[in-house]
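Student: Okay, handing you the structure first.
Number of protein chains: 6
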Amino acid sequence: MKERKLSLIASLNSQELAAKVSEHLTVPLKKIDVEQFKNGEIYVKAEESVRGTEVFIIHAPTGNLNENFIGLLVLIDALKRASAGDITVVMPYFIYSRQDKQAAVREPITARLVANLLETSGINRMVTFDLHSGAIQGFFNVATDNISAIPVFAKYFIEKSMDNIVVVSPDAGGTKRARSFAQLLNAPLAVIDKRRTSHNVATALHVLGDVEGKHAIIIDDIIDTAGSIVEAARCLKEKGALDIYAAATHGVFSEPAFERIKGSPFKEVLVTDSLPLSHSQEKIRVLSIAQILAEAIDRIHSNEPLSDMSLFKGTTLFG
Amino acid sequence: MKERKLSLIASLNSQELAAKVSEHLTVPLKKIDVEQFKNGEIYVKAEESVRGTEVFIIHAPTGNLNENFIGLLVLIDALKRASAGDITVVMPYFIYSRQDKQAAVREPITARLVANLLETSGINRMVTFDLHSGAIQGFFNVATDNISAIPVFAKYFIEKSMDNIVVVSPDAGGTKRARSFAQLLNAPLAVIDKRRTSHNVATALHVLGDVEGKHAIIIDDIIDTAGSIVEAARCLKEKGALDIYAAATHGVFSEPAFERIKGSPFKEVLVTDSLPLSHSQEKIRVLSIAQILAEAIDRIHSNEPLSDMSLFKGTTLFG
Amino acid sequence: MKERKLSLIASLNSQELAAKVSEHLTVPLKKIDVEQFKNGEIYVKAEESVRGTEVFIIHAPTGNLNENFIGLLVLIDALKRASAGDITVVMPYFIYSRQDKQAAVREPITARLVANLLETSGINRMVTFDLHSGAIQGFFNVATDNISAIPVFAKYFIEKSMDNIVVVSPDAGGTKRARSFAQLLNAPLAVIDKRRTSHNVATALHVLGDVEGKHAIIIDDIIDTAGSIVEAARCLKEKGALDIYAAATHGVFSEPAFERIKGSPFKEVLVTDSLPLSHSQEKIRVLSIAQILAEAIDRIHSNEPLSDMSLFKGTTLFG
Amino acid sequence: MKERKLSLIASLNSQELAAKVSEHLTVPLKKIDVEQFKNGEIYVKAEESVRGTEVFIIHAPTGNLNENFIGLLVLIDALKRASAGDITVVMPYFIYSRQDKQAAVREPITARLVANLLETSGINRMVTFDLHSGAIQGFFNVATDNISAIPVFAKYFIEKSMDNIVVVSPDAGGTKRARSFAQLLNAPLAVIDKRRTSHNVATALHVLGDVEGKHAIIIDDIIDTAGSIVEAARCLKEKGALDIYAAATHGVFSEPAFERIKGSPFKEVLVTDSLPLSHSQEKIRVLSIAQILAEAIDRIHSNEPLSDMSLFKGTTLFG
Amino acid sequence: MKERKLSLIASLNSQELAAKVSEHLTVPLKKIDVEQFKNGEIYVKAEESVRGTEVFIIHAPTGNLNENFIGLLVLIDALKRASAGDITVVMPYFIYSRQDKQAAVREPITARLVANLLETSGINRMVTFDLHSGAIQGFFNVATDNISAIPVFAKYFIEKSMDNIVVVSPDAGGTKRARSFAQLLNAPLAVIDKRRTSHNVATALHVLGDVEGKHAIIIDDIIDTAGSIVEAARCLKEKGALDIYAAATHGVFSEPAFERIKGSPFKEVLVTDSLPLSHSQEKIRVLSIAQILAEAIDRIHSNEPLSDMSLFKGTTLFG
Amino acid sequence: MKERKLSLIASLNSQELAAKVSEHLTVPLKKIDVEQFKNGEIYVKAEESVRGTEVFIIHAPTGNLNENFIGLLVLIDALKRASAGDITVVMPYFIYSRQDKQAAVREPITARLVANLLETSGINRMVTFDLHSGAIQGFFNVATDNISAIPVFAKYFIEKSMDNIVVVSPDAGGTKRARSFAQLLNAPLAVIDKRRTSHNVATALHVLGDVEGKHAIIIDDIIDTAGSIVEAARCLKEKGALDIYAAATHGVFSEPAFERIKGSPFKEVLVTDSLPLSHSQEKIRVLSIAQILAEAIDRIHSNEPLSDMSLFKGTTLFG
């Protein structure tokens with residue numbers, strides 16, 4: 001009878017999150033030799049056998065996004081040729097997720113291209129966190145599991161035992177996410193409204209809902225240059241909010257994000273380690289998704305539903 | 001040297017729009033024999049040669065949506081086996097476009113499935129109108145052209161020489177569409193806001209922007225049961241709007257749409273013939289996309305860009 | 001180690017046969033939520049986890065053939081995206097099986113199209129009963145198991161302890177099927193001959209073989225409008241046959257089948273529940289294939305050969 | 001502007017038919033270098049450019065069937081890599097056409113395999129003659145044109161100005177083919193009936209229809225060992241037929257076909273050159289399909305319908 | 001829970017090696033019925049169930065290379081349709097491996113074609129021995145294991161306890177192989193140099209390294225017509241070598257190989273049974289790879305790494 | 001009738017070679033908008049229509065190899081979705097060409113992966129120059145044209161009217177390339193021999209052939225760190241060679257190549273602009289392949305054979 005063991009593998013420059021998952025799973029990381037030649041070509045080699053095993057590759061890298069992605073594809077090729085039984089790529093932050101449609105003619109749809117490249121290289125399943133657009137799951141033919149990190153943030157605030165909270169969506173599009181977060185915290189909801197009703201007038205921020213005298217938590221999926229959440233924080237301050245927090249799954253933090261956050265009214269900005277933070281930064285706190293990920297991998301490996309996963313009573317991490 | 005002629009073909013129950021396109025193109029429709037056996041199986045046969053031609057199938061049917069779609073796939077199979085040189089499906093209203101993501105676990109992504117079924121059957125290109133979600137273009141590997149019907153509505157109102165107009169988006173998500181419509185009409189913009197800020201309170205409609213003493217035109221992509229646009233019209237009326245119009249590319253008109261519109265404050269509700277209207281209905285006016293479609297087909301066939309298409313100076317129908 | 005459990009699922013409008021199979025297997029049906037929107041679009045959602053399981057979908061529906069087929073494809077998509085380990089579609093009556101070749105130029109080969117659509121949606125195996133044409137198995141790249149229902153009919157007549165039987169093939173093409181049925185019953189064989197030797201003369205039925213003073217059983221694969229078997233029954237009556245029976249795997253029963261059978265010399269017409277009969281009908285008796293199907297599913301799931309299946313000593317249900 | 005010229009190429013050991021087609025088309029055969037190494041490996045090389053041309057490969061070989069087929073696949077690979085614009089394989093006799101279904105469990109469906117191998121190698125279209133089973137067209141995803149050689153035989157007998165003819169189908173399955181042949185000759189039809197009504201009695205031949213005092217022409221698709229047609233000829237003789245002919249598209253002529261025909265009552269046995277006859281044989285006459293093939297290729301190349309092809313007024317060669 | 005048993009199957013004309021592997025594995029060969037019709041078509045049928053098993057097909061045939069390959073593809077099709085769980089083709093000598101690139105324009109790359117044909121037929125993995133070119137593994141998308149037979153030869157010479165050995169590469173390209181062989185024997189290395197420095201001068205053989213007074217073992221991957229190794233042996237003799245051996249994994253032995261070897265200075269020429277030798281031949285000794293193969297199959301079946309396989313301490317058979 | 005025009009496009013950071021090709025072809029480069037977001041994601045958009053045209057993308061970039069490759073794939077996706085008629089990627093230096101086989105177990109075959117990624121993205125043809133390994137053409141299913149730059153170097157030396165030349169291959173593996181270069185120059189050949197006959201002795205360079213008193217030209221495909229050609233130059237100097245040159249198609253020039261060449265006995269080192277040289281470097285001369293490329297593109301576009309291309313009488317640039 002064939003056994004199918006679990007192989008856990010860190011993708012290029014992804015040791016940080018992978019090591020934490022490995023610890024939670026009590027499954028050691030398989031040794032992979034990675035080198036980069038002087039002309040830039042990436043070389044990988046699996047130092048240990050993965051034959052017939054169910055491989056999970058953790059891809060949450062620091063450094064050059066495109067190089068790391070090529071490195072991932074090369075790694076998948078090596079594992080496929082080494083007779084891996086099944087390959088799941090865990091990519092908490094899905095790259096190119098904001099190029100998911102053509103905003104103008106003759107544009108690419110790069111998120112679909114990324115899906116095609118992964119499938120061609122030989123993957124059998126994807127695991128992501130808080131995808132920017134749900135349609136990206138439809139770019140794949142293989143099964144995909146999209147996990148939510150929102151309960152991680154909810155747990156953090158619940159354990160803080162904060163009272164008098166209001167959850168704030170930074171724009172109309174994020175209302176659904178904010179509402180489910182508010183339900184976890186049993187808190188009311190407010191929405192920042194970028195009213196741009198006529199085309200010659202500058203945008204002004206309005207707050208729909210009551211924030212005065214409340215601790216406000218802005219919830220989002222991605223923080224990139226941090227422009228809009230910092231602006232939102234200022235607006236909330238003006239409207240009389242007390243402590244102001246932000247929580248977002250993916251901390252891309254392109255310049256000048258750190259500078260902006262430092263000078264903002266935020267008390268704390270929370271992100272997960274879906275994208276590693278090279279140095280600790282003022283006001284920014286990182287909550288880890290490693291434990292959730294470990295449980296998800298364990299459930300996938302043992303064919304148990306992910307929909308039963310829960311950080312605390314009555315919540316689900318999935319869907 | 002090989003010539004590649006154009007074959008124009010009406011899909012099942014799609015003679016209405018196809019005939020108009022045929023007239024504009026001055027290209028006759030190829031004769032297709034369609035039968036349905038008593039057990040429901042659909043039979044098609046091309047009565048004329050399509051060998052080596054560039055085939056355009058117009059699919060804008062009346063009747064059973066799923067049956068018509070199976071009929072389309074059977075037709076594609078017949079044409080592919082009859083040595084069609086190239087097959088473009090023109091599906092102005094893309095079916096299952098609202099099932100473009102998983103709103104809950106273990107749901108299908110049916111819009112992607114539809115794309116897969118069409119590609120497997122043998123198509124080489126798609127033409128659609130005002131897709132509900134731009135990501136659907138990413139569900140295809142073949143090239144897709146998504147045309148906008150908004151200039152058709154703009155032309156209608158410009159020719160009416162109406163003054164004092166405000167364009168209204170029925171929800172925050174449709175603001176981008178409404179803004180580009182407003183630009184064509186050189187009119188201001190308002191947005192209907194479904195404020196649902198706390199989770200125990202009923203939704204109330206607010207209007208962001210000034211509508212009092214103005215003729216209001218609500219713009220949307222799909223009118224299905226007409227619930228939300230009729231509600232929006234009432235709200236606009238309360239706020240002092242004068243004549244109220246709605247314009248939407250796709251008139252699905254599921255029950256009780258006609259009833260609702262009849263009893264509404266609307267002066268006129270405009271849709272296109274992307275979905276045929278079996279009988280004329282009170283207050284509903286149908287503007288045809290046949291001429292645009294004819295021009296698009298002609299340009300695709302002669303390798304000219306669609307981005308140059310224009311109904312009137314300074315507008316584009318594409319993207 | 002990975003276990004692979006069995007998930008049994010009823011396709012759209014296929015609860016009747018699926019429930020019987022479920023009972024024989026003592027495996028409950030997984031709960032599937034199915035809805036149809038007013039515009040005709042079908043929505044499905046698996047309410048229970050199927051992750052990593054070996055899924056068997058029973059597709060033997062009542063109602064609209066094409067809608068049910070689209071529903072099946074949507075269901076397959078949902079299960080594939082829900083990480084089903086393996087998907088087998090059990091379609092006792094294979095739709096469009098009579099469009100398995102081009103009888104004229106520019107026809108489709110719809111049975112091949114159906115195979116392509118199923119494979120694209122994500123199936124891994126097919127199970128069918130008494131396929132109209134053996135070549136349809138060649139339309140699939142995935143493995144297909146085609147089971148015979150003939151022993152079900154044989155068992156019925158053997159248990160009746162009828163003597164003095166003759167088995168009758170309704171045309172020359174069905175002789176092989178009739179001969180294997182005759183062997184099970186240890187009975188002689190007759191063939192109805194539609195002699196159409198010159199092209200201006202009307203068809204006349206001849207009976208090759210001796211039927212006088214015998215109980216005749218006509219055996220066929222499909223009864224559609226019942227025209228030819230009723231004509232055959234009349235001819236057998238004239239030639240002096242005693243009780244006359246018909247047995248066919250698939251009771252399509254398009255109009256005016258029930259009317260014709262009612263007014264015919266048949267004592268009894270036997271079909272299976274490969275296609276559900278909404279109401280009981282005069283002279284028509286339905287024998288169930290549920291038990292055979294349950295055994296086949298059990299054997300496929302446990303990797304035992306289907307060729308060993310037997311309803312009674314010395315027969316096989318397969319091939 | 002791109003021109004697409006026609007390249008005509010003889011497959012391995014297929015010079016005979018290819019040369020005749022070349023002459024009819026007045027298009028020279030492209031030079032192909034073919035070698036076979038001592039260990040059996042086949043080497044081919046196109047000596048002339050085929051870049052961007054529409055290639056037609058004539059495959060009607062003498063010698064080892066399997067070796068010639070491998071040689072064909074190797075040739076297709078070479079032409080695809082040499083930038084052929086489009087590749088059509090003309091295989092008048094489709095190999096493995098009698099293994100088109102599983103007659104028993106665990107058999108292959110080799111005709112489907114052949115289709116897969118051709119498609120994988122890079123073909124874009126197939127041309128065949130009188131396929132043994134129409135379902136084989138469904139084994140291909142690419143377009144296939146199946147041409148009938150029956151008018152070639154009809155023309156031969158019409159030019160002979162024979163009177164008093166009866167057309168004979170050698171079995172019930174061939175009645176459709178025989179009837180269309182009889183219509184071309186305006187002659188009556190008879191059918192040989194292999195009555196095997198009970199399973200312990202030897203087969204006896206019966207003739208349905210009147211043959212006495214008439215010249216009989218048996219029509220079939222394949223003559224392999226010639227056993228059944230020779231038996232049929234004897235039976236016709238007994239029944240009083242005058243001159244007896246046979247006509248079949250494909251002369252496979254496996255041993256002891258020539259011996260049997262020599263000793264038979266046949267006046268003449270007609271076949272086409274779909275399979276080359278190495279030596280002239282007593283009583284066997286070969287009619288060429290080269291002219292039809294040349295016209296078909298010309299029509300495919302110039303995108304004209306094949307259904308208009310005709311050898312003489314009122315007939316079609318296609319479907 | 002699903003078990004996955006091992007099925008061992010001999011491909012056409014491959015009983016010799018397959019039987020030995022079967023004995024080492026103590027797993028009986030599954031019974032396959034193979035027939036060849038008079039027109040050359042090959043028929044196969046699996047007589048025993050392979051449902052859900054992990055199938056290993058041993059393809060090391062005698063006779064016609066192309067016919068045997070077609071037979072292999074037909075066998076794969078039959079097994080795939082019989083629900084084999086997984087199919088591995090063991091082809092110790094990879095056919096057409098010397099046509100792995102285009103030496104001139106418009107040539108095929110037949111080794112890639114062979115890979116495509118195998119993948120299309122339905123294989124899941126390949127096992128080969130000492131591939132002529134490593135790039136052939138890159139012609140496959142499925143996993144491939146390439147095993148080395150060099151340790152088999154090393155073991156033979158070590159057990160002979162020969163002293164004073166020099167390992168000889170017959171050309172510069174084979175130096176890497178020879179060096180690893182020399183390491184196993186702890187022997188020095190020499191290289192035959194075909195110096196062809198100016199283009200008008202005939203080739204002369206030089207020996208780089210010291211062979212005088214030593215027993216020389218020439219090592220190569222393929223012996224075809226044996227021209228170059230016999231020439232090399234003569235040259236070594238001239239340079240004062242004592243006993244001269246050759247060892248090559250694949251004994252193709254095209255004419256006049258046996259004649260040449262018989263008349264050569266070789267003491268013994270060693271090959272493996274990757275290609276069966278119909279009769280014993282003077283000076284030629286066959287060492288079997290059956291035991292290695294049996295171990296490799298066992299390891300693949302039980303998901304153990306092949307890299308740990310060893311014939312004797314400190315060696316690996318893989319890579 | 002459909003025209004198919006030529007679109008010439010510079011890939012990311014490939015303007016240098018693309019501009020030269022554009023000038024030779026007198027076809028302007030299509031305008032492409034390229035941006036890189038702060039997080040590294042690449043955005044491209046075709047500013048001009050490519051609908052139905054035959055697109056040639058020149059990919060010969062400066063800068064980050066992996067980023068440029070991702071950028072190429074994104075560009076291909078954009079062009080495919082913009083209805084490009086046909087896409088040819090011209091990649092003079094094929095990246096990852098040295099990872100064309102597994103040198104050890106569990107390595108990737110990255111050159112095959114690159115081929116798969118390009119095909120998946122939507123290319124129809126490849127053009128390369130002096131591929132490191134001919135088998136890479138076999139990694140593609142699409143047609144590939146591999147052009148030789150050797151005549152470019154030959155022309156340079158012929159125009160210099162140098163006498164008394166010897167062509168030198170830097171190792172045994174390059175003898176074939178060197179011999180064809182020597183034939184163009186009508187010069188004798190020498191080979192550098194890295195004799196490593198026993199495994200404990202350091203490598204020593206030998207020169208096979210006569211170089212004393214001659215001008216030596218070393219010919220190779222790639223110069224990376226320049227270690228071996230500089231070593232070879234020193235050895236030639238010792239053996240009495242006069243002026244020493246090197247010529248290689250691809251100047252990768254990884255560190256410390258420039259330093260080494262500067263301090264070497266070389267008079268001149270020639271490379272092509274298949275890889276752009278950012279600054280002029282001492283002793284290094286760049287010859288352009290732009291004219292050859294322009295001619296190749298023109299011939300592909302007009303379906304003329306590449307094998308007729310010639311830089312001067314009697315030579316071919318192809319194969």
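Chains as they are written, first to last, in our numbering: chain P, 1 to 319; chain R, 1 to 319; chain B, 1 to 319; chain G, 1 to 319; chain X, 1 to 319; chain Z, 1 to 319.
Note that the Cβ used here is the ideal one computed from N, Cα and C, for glycine as well.
All values reported here derive from a predicted model rather than from experimental measurement.
Which class does P:T88 belong to by DSSP, given the choice of helix, strand or coil?
Tutor: Note: P:T88 maps to strand in three-state DSSP.
Student: Determine which residues of the stretch 62-94 of chain X have a Cβ less than 7 Å from any Cβ of chain G, and write them out in chain order.
Tutor: Within the stretch 62-94 of chain X, the residues whose Cβ lies closer than 7 Å to some Cβ of chain G are N64, L65, N66, E67, F69, I70, L73, V74, D77, A78, R81, A82, listed in chain order.
Student: Counting pairs of Cβ atoms below 8 Å between the stretch 117-135 of chain X and the stretch 163-170 of chain X, do you hit three or more?
Tutor: In short, these stretches do not touch, since the Cβ pair count stays below three.
Student: Between B:I300 and chain P, is the shortest Cβ-Cβ distance under 8 Å, so that the two count as touching?
Tutor: No, its Cβ sits nowhere closer than 8 Å to a Cβ of chain P.
Student: Can you check whether the CB of P:P92 is closer than 8 Å to the CB of P:S307?
Tutor: No.
Student: Could you tell me the distance, in whole angstroms, from the CA atom of G:V201 to the CA atom of R:S14?
Tutor: Summary for G:V201: the model assigns pLDDT 49, below 50, so the residue's position carries little reliability, and this model does not support an answer.
Student: Starting from R:V114 and walking both ways along the alpha helix (DSSP H), at which residues does that stretch end?
Tutor: Segment 110-121, the alpha helix (DSSP H) holding R:V114.
Student: Tell me whether P:Y43 sits in a helix, a strand or coil according to DSSP, three-state version.
Tutor: Strand, per DSSP.
Student: How many whole angstroms separate the CB atoms of G:T6 and G:F56, which I take to be in contact at a CB cut-off of 8 Å?
Tutor: Inspection of the sequence shows that residue 6 of chain G is occupied by Leu rather than by Thr. Contact flag correct, Cβ pair sits at about 7 Å.
Student: Can you tell me the Cβ-Cβ gap for P:A247 and P:L270, rounded? I've got them flagged as a contact below 8 Å.
Tutor: Contact holds; Cβ gap of about 4 Å.
Student: Among the residues of its own chain, which have a CB less than 8 Å from the CB of R:H320, if the five just before and after it don't count?
Tutor: The requested residue 320 of chain R does not occur in the structure, where chain R is confined to residues 1 to 319.
Student: Considering just the uninterrupted stretch of the alpha helix (DSSP H) at R:Y93, what are its terminal residues?
Tutor: Here R:Y93 belongs to no alpha helix (DSSP H), and DSSP marks it neither H nor E.
Student: Measure the C-alpha to C-alpha separation of X:E255 and X:V34 and round it to an integer number of angstroms.
Tutor: In a straight line, the C-alpha of X:E255 is about 29 Å away from that of X:V34.
Student: CA-CA distance, G:L293 and G:H24?
Tutor: Cα to Cα, G:L293 sits roughly 9 Å from G:H24.
Student: Which residues in chain R sit within 7 Å of Z:R125, going by Cβ to Cβ distance?
Tutor: Correct list: empty, because the minimum Cβ distance to chain R is about 18 Å.
Student: Which of the three DSSP states, helix, strand or coil, is assigned to B:R179?
Tutor: Helix at B:R179.
Student: Return helix, strand or coil for G:D210, following the three-state DSSP convention.
Tutor: Three-state result, G:D210: coil.
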